[in-house]
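A.B. asks:
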Amino acid sequence: MKLIAWLKEKRGLEFADYQSLWQWSVTDTEAFWGALWDYFGIMSDTPFDKVIDNLKIKPGGRWFTGAKVNLTEHVMRMARPGEPALY
Numbered sequence: 097m098k099l100i101a102w103l104k105e106k107r108g109l110e111f112a113d114y115q116s117l118w119q120w121s122v123t124d125t126e127a128f129w130g131a132l133w134d135y136f137g138i139m140s141d142t143p144f145d146k147v148i149d150n151l152k153i154k155p156g157g158r159w160f161t162g163a164k165v166n167l168t169e170h171v172m173r174m175a176r177p178g179e180p181a182l183y
């Protein structure tokens, strides 16, 4: 799994399998989602203040507060010349 290899290389985290990765994702939710932000290269004009505000409120927690993400920019950076960016 590419994510597990990336976490080992970039964060020094090791997971034996999907189950251990899942366990980390539910016990250290902020670190997990913060790592996904970096792994997917999410760009923001402003940095986020907090990964999640009010984790215990489900639904209703606020994710990546303070960040302003341009979704069109993300779609277009993955587009290939001559192919539709969206279907």
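In terms of our numbering, the sequence shown opens at residue 97 and continues consecutively. Ideal Cβ positions, reconstructed from N, Cα and C, are used throughout, including at glycine. All of these numbers come straight from a predicted model, not from anything done at the bench.
How about threonine 161 and phenylalanine 144: do their beta carbons lie closer than 8 angstroms?
C.D. replies: yes
A.B. asks: What's the gap between the Cα of isoleucine 138 and the Cα of tryptophan 118?
C.D. replies: Straight-line measurement puts the Cα of tryptophan 118 at about 21 angstroms from the Cα of isoleucine 138.
A.B. asks: Can you tell me whether leucine 103 is buried or exposed? The criterion is at least 16 other CB atoms within 10 Å of its CB, across all chains shown.
C.D. replies: buried
A.B. asks: By how many angstroms is the C-alpha of alanine 181 removed from the C-alpha of lysine 164?
C.D. replies: Straight-line Cα distance between these residues: approximately 22 angstroms.
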